[in-house]
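So the protein lines, in turn, are chains V and P.
Residues in the first sequence are numbered from 1 upward in steps of one, following full-length UniProt numbering.
Residues in the second sequence are numbered from 1 upward in steps of one, following full-length UniProt numbering.
Notes for the one structure printed next.
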Amino acid sequence: MTKKLSRPVSVIGTSTLGQRYFDDPEYDGLSIYELWAYACHQAMEDAGVKPKDIDKVVYAHMANFQTGGNVLAPVGSMMEWAGLRGKPIVHIEQACASGYMAFVEACDAVASGRYDIVMVAGVESPKHFIPREQPAFRIKPIREYDAWWHPGRALFDTTYYRFDGVSDNLLTEEHGKLYIKKHGISEETLDDAYNAMAVNLRRGAAQNPRACERKEFAETAKENGYDDVLDYMRSEYNPKITQYIRKSGSVLHNVAAGAIIVCSADIAEKFSKKTINVVDYASSSNTQRYPFCFHQMNVDVKDALVENGTDLDNLDLMITTVMTSGEQMDSAEVFGYLPDGEGYKYELEGRTAYDGDRPINPHGGDISFGHAFAASGINMISEAILQMRGEAGGCQVNKKVARCLVRGMGGGHTTVGIVLEADF
Amino acid sequence: MYKLRPILKTYYESLEENKILGMKCPECADVTWPPLPICQVCGSTEVDWTEMGNEAIINEIRFEDSSVGGDYTFRKANDFFADKETPYCISIGKFPNGTHEFHAALYGINEDNLEKWKGKLPFVAPVHFIEMAGGFKAVGFKIPTE
């Protein structure tokens, strides 16, 4: 049995560092240390606090290439880089759910009454690593280092985890199968809905300087001789990876760092005029061995929130992990943000785009905004915070966002639901 | 009372003898494969070994075209299989005496016969023990001989 927070918690600061590929000229000469420290200081400056004010840090990082295990935790050095040496820190490593879970742990730390101001911060470089015996700025592409995926593949007992060969794409595409079975739409209609979703998300990303991919599909379509963007999306330029998922509907992998500062609600106004209250959160973990496990986790998290008395009826915005297209539609319907069985129509009609009446992922989602594994959850929550404050820039939705659901998922695997409410 | 006993060792050593073991709960009759020490339905710790048989009902076929340049994890998948050549896809299946569906490799599916076998779903497929490069076996299935 979960209970409401015993002490109210507010968000007072966030980073705004963008999603980039590590070979982006913008990041020339940088390592994850600089990115992490920058994100931490962006959040502290935004909140109007100094390192001395931070009582604790919750750190999210999945692929630790600083120490690679070796009986050394990376957190001590990371604290020095952020100017927080000597403070308590805990490291959350829960795959792509790490950032969401780190936020939850930070809120719990404040709600417990033990800490007043806690920073949640993370960094990830999923396509690059720090070679052995080299300084950290000499990063290399993962593809040049076979041993990155190998330790996982070789060491974990696949009998008890994801079966070898079941990729993220295959696991999450099951949403498509379930959707067709449940709602009786054709495979062609589902394909059109997924393509429309990719177009909608990219429209938001194109307006968001923090997004990784910022060129609209309509523009790419024209360059390739297509007047109708959906014709382009159905073409060989956007091939199917699985039965339901096209290339445009699969997650991006990029580098990112992020930080958010939460504090006890009774002191929040001292720091921010646009405080955001953390209403409630819930999470569920499952295995990846069983079919439709992703859908089941959505149901479990939604039920946990509802049982806790949290109102999901008046949401102005939903931000959700979208590893592949089907995850967005399933999540939106399970949590009641879109009517059951009607989500595909909302996508086809563009109503979920950043300028639509039921926006989802106006920042672009994981398939256009980007996805940096353990940092991704923090980045998604940051985008929610910016939307609620009206500070999201070009991808700002065209209505006040008083209440927002952030729903995150990671391959650990865990699903998290976080409800935020503007207090201004 | 919870019994400390080797679960993984027993399971993998049985695979070497081409025998697939799961766990059955004497209290609620739930059958878990792969084996776990606690019933996932009622929480009983009195679960005991049960043989899963040598075939499964295949309900779904999943196929990913890794040549498109999607997720690189799939391309790596074969690296740990002793047999790196024979094509396989992922299936959703269920042992006849099992109580839960699972994901598993289905051998013998390729781009040419994919649609034909999809049209035959559901079908019964015999077990195909996969020789892993690390020197142990894993459980897969193969399309039946016509």
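Even for Gly, the Cβ is constructed at its ideal location relative to N, Cα and C.
| said: Helix, strand or coil for Glu115(P)? Go by DSSP, reduced to three states. | reply: Reading the second sequence from its first residue, position 115 is the one you call residue 115(P). Glu115(P): helix per DSSP, three-state reduction.
| Within 8 Å: the Cβ of Phe424(V) and any heavy atom of the ligand ADP? | Within the structure as shown, the ligand ADP is missing, as the structure has no ligands at all.
| request: Count the other C-beta atoms from every protein chain shown that fall within 10 angstroms of the C-beta of Gly69(P), then say buried if there are 16 or more, exposed otherwise. | output: Position 69 of the second sequence, counted from the start, is the residue given in the question as residue 69(P). Per-residue confidence for Gly69(P) stands at a pLDDT of 48, beneath the threshold of 50, marking its modelled position as unreliable; the derived number appears in the next sentence. With fewer than 16 other Cβ atoms within 10 Å, it is exposed.
| In whole angstroms, what is the alpha-carbon distance linking Met323(V) and Asn18(P)? | Taking the first sequence and counting its residues from 1, one reaches residue 323(V) at position 323. Taking the second sequence and counting its residues from 1, one reaches residue 18(P) at position 18. Between the alpha carbons of Met323(V) and Asn18(P) lies a gap of roughly 37 Å.
| Limits of the alpha helix (DSSP H) - the one that Ser331(V) falls within | Position 331 of the first sequence, counted from the start, is the residue given in the question as residue 331(V). Going by DSSP, Ser331(V) is part of the alpha helix (DSSP H) stretching over 325-334.
| task | Measure from the C-beta of Glu174(V) to each C-beta in chain P and report whether the shortest distance is under 9 Å. | result | To locate residue 174(V), count along the first sequence from 1; it is residue 174. Taking Cβ atoms only, chain P reaches closer than 9 Å to Glu174(V), which makes this a yes.
| request: Mind listing the chain P neighbours of Arg358(V)? Cutoff is C-beta to C-beta under 9 Å, in chain order. | output: The residue labelled residue 358(V) in the question sits at position 358 within the first sequence. Within 9 Å Cβ-Cβ: nothing; Arg358(V) doesn't reach chain P, min ~29 Å.
| field | Presumed contact (8 Å Cβ cut-off) between Ile276(V) and Met388(V), rounded CB distance | value | To locate residue 276(V), count along the first sequence from 1; it is residue 276. To locate residue 388(V), count along the first sequence from 1; it is residue 388. Taking C-beta atoms under 8 Å as the contact rule, Ile276(V) and Met388(V) qualify, at a distance of about 5 Å.
| query | In the structure shown, what three-state DSSP assignment does Tyr281(V) receive? | reply | Here residue 281(V) is taken as the residue at index 281 of the first sequence, counted from 1. Reduced to three states, the DSSP call for Tyr281(V) is strand.
| field | Assigned exposure category for Glu101(P) - 16 Cβ within 10 Å defines buried | value | By one-based count along the second sequence, residue 101(P) stands at place 101. Classification of Glu101(P): buried, given that the 10 Å Cβ count is 16 or more.
| List, in order along the chain, the chain V residues whose C-beta lies closer than 8 Å to that of Pro34(P)? | Within the second sequence, the letter at position 34 stands for residue 34(P). Simply Thr159, Tyr160, Arg289.
| query | In the region 175-203 of chain V, which residues sit with their C-beta less than 9 Å from some C-beta in chain P, listed in chain order? | reply | Listed by position, the residues of the region 175-203 of chain V near chain P (Cβ gap below 9 Å) are Lys177.
| field | Nearest candidate by alpha-carbon position, reference Ser284(V), set Val278(V), Ile378(V), Lys50(V), Val299(V) | value | Counting from one through the first sequence, the residue named residue 284(V) turns up at place 284. Closest by C-alpha distance to Ser284(V), out of Val278(V), Ile378(V), Lys50(V), Val299(V), is Val299(V).
| said: What does DSSP give as the partner residue(s) for Lys94(P) in the beta ladder? | reply: The residue given as residue 94(P) occupies position 94 in the second sequence. Ile57(P).
| request: Note the first and the last residue of the continuous beta strand (DSSP E) segment covering Leu420(V). | output: Taking the first sequence and counting its residues from 1, the one referred to as residue 420(V) is at position 420. From DSSP, the beta strand (DSSP E) with Leu420(V) extends over 414-422.
| task | Kindly give me the distance between the Cβ atoms of Ala392(V) and Pro362(V), rounded to whole angstroms, as I take these residues to be in contact under 8 Å. | result | Within the first sequence, residue 392(V) is the residue found at index 392, counting from 1. Within the first sequence, residue 362(V) is the residue found at index 362, counting from 1. 7 Å between Cβ atoms; contact.
| Closest Cα partner of Ser368(V) within the set Gly336(V), Glu347(V), Gln19(V) | On the first sequence, position 368 is the one that residue 368(V) refers to. Looking only at Gly336(V), Glu347(V), Gln19(V), the smallest Cα-Cα distance to Ser368(V) is reached by Gln19(V).
| chain V contacts made by the region 90-101 of chain P, where a contact means CB separation under 9 Å | Correct list: Ile90, Ile92, His100, Glu101.
| field | Backbone CA spacing between Glu146(P) and Glu13(P) [nearest angstrom] | value | Along the second sequence, one-based indexing puts residue 146(P) at 146. Along the second sequence, one-based indexing puts residue 13(P) at 13. Going from the Cα of Glu146(P) to the Cα of Glu13(P) covers about 31 Å.
| What distance in whole Å lies between the Cβ atoms of Pro37(P) and Thr45(P), which are believed to be in contact at a cut-off of 8 Å? | Locating residue 45(P) in the second sequence gives position 45, counting from the first residue. Locating residue 37(P) in the second sequence gives position 37, counting from the first residue. Contact holds; Cβ gap of about 7 Å.
| message | So that I know if they touch, is there some Cβ in chain V lying closer than 9 Å to that of His128(P)? | response | Within the second sequence, residue 128(P) is the residue found at index 128, counting from 1. Not one chain V Cβ lies under 9 Å of His128(P).
| query | Assuming Phe373(V) and Ala106(V) make a contact with CB atoms under 8 Å, what is their CB distance in whole Å? | reply | As a working note, residue 373(V) is residue 373 in the first sequence. As a working note, residue 106(V) is residue 106 in the first sequence. About 18 Å separates the CB atoms of Phe373(V) and Ala106(V); that is not less than 8 Å, and the two are not in contact.
| message | Just verifying my parser: in three-state terms, what is the DSSP assignment at Asp108(V)? | response | Indexing the first sequence from 1 puts residue 108(V) at position 108. Correct three-state label for Asp108(V): helix.
| query | If you draw a straight line from the alpha carbon of Glu188(V) to that of Tyr115(V), how long is it in whole angstroms? | reply | Mapped onto the first sequence, residue 188(V) falls at position 188. Mapped onto the first sequence, residue 115(V) falls at position 115. Cα-Cα distance, rounded: 53 Å.
| task | Give the single residue among Gly83(V), Leu312(V), Asp280(V), Asp303(V) whose Cα lies nearest to the Cα of Pro51(V). | result | Numbered from its first residue, the first sequence carries residue 51(V) at position 51. Considering only alpha carbons, the answer is Gly83(V).
| request: Have a look at Leu317(V), Gly326(V), Gly343(V) and flag the residue whose alpha-carbon is nearest the alpha-carbon of Gln396(V). | output: Walking along the first sequence from the start, residue 396(V) turns up at place 396. Checked all of Leu317(V), Gly326(V), Gly343(V); the closest Cα to Gln396(V) is Leu317(V).
| task | With a threshold of 16 other CB atoms inside 10 Å of the CB of Gly93(P), please say whether the residue is buried or exposed. | result | Stepping through the second sequence from its first residue, residue 93(P) is reached at position 93. With 16 or more Cβ atoms within 10 Å of its Cβ, Gly93(P) is classed as buried.
| task | Could you tell me which of Asp280(V), Tyr160(V), Gln328(V) sits nearest to Tyr290(V), measuring between CA atoms? | result | Start at 1 with the first residue of the first sequence, and residue 290(V) comes out as number 290. With distances taken between CA atoms, Tyr290(V) lies nearest to Tyr160(V) out of Asp280(V), Tyr160(V), Gln328(V).
| query | Residues bridged to Trp49(P) by DSSP? | reply | By 1-based counting over the second sequence, the position of residue 49(P) is 49. For Trp49(P), which the question treats as bridged, DSSP gives the partners Met23(P).
| query | So with Cβ pairs under 9 Å, would you call Ala82(P) a contact of chain V? | reply | Taking the first residue of the second sequence as 1, we reach residue 82(P) at position 82. No, Ala82(P) does not count as interfacial toward chain V.
| request: Tell me whether Met132(P) sits in a helix, a strand or coil according to DSSP, three-state version. | output: To locate residue 132(P), count along the second sequence from 1; it is residue 132. If DSSP states are grouped into helix, strand and coil, Met132(P) belongs with the strands.
| request: Specify whether the region 307-316 of chain V and the region 15-34 of chain P touch according to this definition: at least 3 beta carbon pairs, one from each stretch, less than 8 Å apart. | output: Counting C-beta pairs with one atom in each stretch, the region 307-316 of chain V and the region 15-34 of chain P have fewer than three that are closer than 8 Å, which means they do not touch.
| task | Please report how far the alpha carbon of residue 152(P) lies from the alpha carbon of Leu106(P), in whole angstroms. | result | The structure shown does not extend to residue 152(P), since chain P is modelled only from 1 to 146, so the question has no answer here.
| request: Please compile the residues from chain V whose C-beta is within a distance smaller than 8 Å of the C-beta of Glu60(P). | output: In the second sequence, the residue the question calls residue 60(P) occupies position 60. Within 8 Å Cβ-Cβ: Lys177, Pro291.
| request: Report the three-state DSSP secondary structure of Tyr88(P) (helix, strand or coil). | output: Locating residue 88(P) in the second sequence gives position 88, counting from the first residue. Tyr88(P) falls in the strand class under three-state DSSP.
| request: Please check the pair Met119(V) and Ala259(V), which I expect to be a contact at CB under 8 Å, by giving their CB distance rounded to whole angstroms. | output: The residue you call residue 119(V) lines up with position 119 of the first sequence. The residue you call residue 259(V) lines up with position 259 of the first sequence. Sure, about 6 Å apart at Cβ, within 8 Å.
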